[in-house]
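Shown next, in structure tokens, is the structure this report addresses.
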Amino acid sequence: MVAFDPDKLRALATDTRTHAGAIGKLSPIGEHNRDAALGAMPFSAFAKNVGLVLKAMDRVVTLNQGRLDQFANLTDNAAGTADGMDEANATGFKGIK
Numbered sequence: 006m007v008a009f010d011p012d013k014l015r016a017l018a019t020d021t022r023t024h025a026g027a028i029g030k031l032s033p034i035g036e037h038n039r040d041a042a043l044g045a046m047p048f049s050a051f052a053k054n055v056g057l058v059l060k061a062m063d064r065v066v067t068l069n070q071g072r073l074d075q076f077a078n079l080t081d082n083a084a085g086t087a088d089g090m091d092e093a094n095a096t097g098f099k100g101i102k
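This is the structure:
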């Protein structure tokens, strides 16, 4: 038998959302410096490549934030399902005479 603690699941979801928000604040990564470098060195392959790498890192940060948010939502749903199962079981036992 697997026992779920809905309160712990909700706490996990809250912590995960907090971390997702912190990760989301990292983006955009170096946007000012990226744009300044491209403006100062318009024909520089190095500046262009650094800009592309930073944009890719922004996509990675956004993806990870989204995945953490999705996990938090699923964890909240699991907590609600566990609560619902507990209530259904309690109701079922009350009906036994």
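Sequential numbering from 6 applies to the sequence shown in the numbering used here. Ideal Cβ placement from N, Cα and C applies to all residues, glycine included. No experiment lies behind these values; they were computed from the predicted model shown.
Flag this pair as yes or no: are the beta carbons of residue i and residue j separated by less than 8 Å?
{"i": "residue 34", "j": "residue 59", "result": "yes"}
{"i": "residue 9", "j": "residue 95", "result": "no"}
{"i": "residue 4", "j": "residue 28", "result": "Because residue 4 is not part of the residues shown, which for the chain are 6 to 102, the question remains open."}
With a threshold of 16 other CB atoms inside 10 Å of the CB of residue i, please say whether the residue is buried or exposed.
{"i": "residue 73", "result": "buried"}
{"i": "residue 23", "result": "exposed"}
{"i": "residue 64", "result": "exposed"}
{"i": "residue 5", "result": "No answer is possible for residue 5: it lies beyond the span of the chain, which begins at 6 and ends at 102."}
Is residue i close to the ligand PLP? I mean its beta-carbon at under 7 Å from any heavy atom of the ligand.
{"i": "residue 67", "result": "Absent from the structure shown: the ligand PLP. Ligands present: none."}
On the DSSP letters alone, give me the boundaries of the alpha helix (DSSP H) that residue i sits inside.
{"i": "residue 98", "result": "50-99"}
{"i": "residue 16", "result": "11-29"}
{"i": "residue 42", "result": "36-45"}
Measure the beta-carbon distance from residue i to residue j and round it to whole angstroms, keeping in mind my assumption that it falls under 8 Å.
{"i": "residue 83", "j": "residue 25", "result": "Not confirmed; about 17 Å, so no contact."}
{"i": "residue 43", "j": "residue 53", "result": "7 Å"}
{"i": "residue 18", "j": "residue 67", "result": "Contact doesn't hold; Cβ gap of about 20 Å is too wide."}
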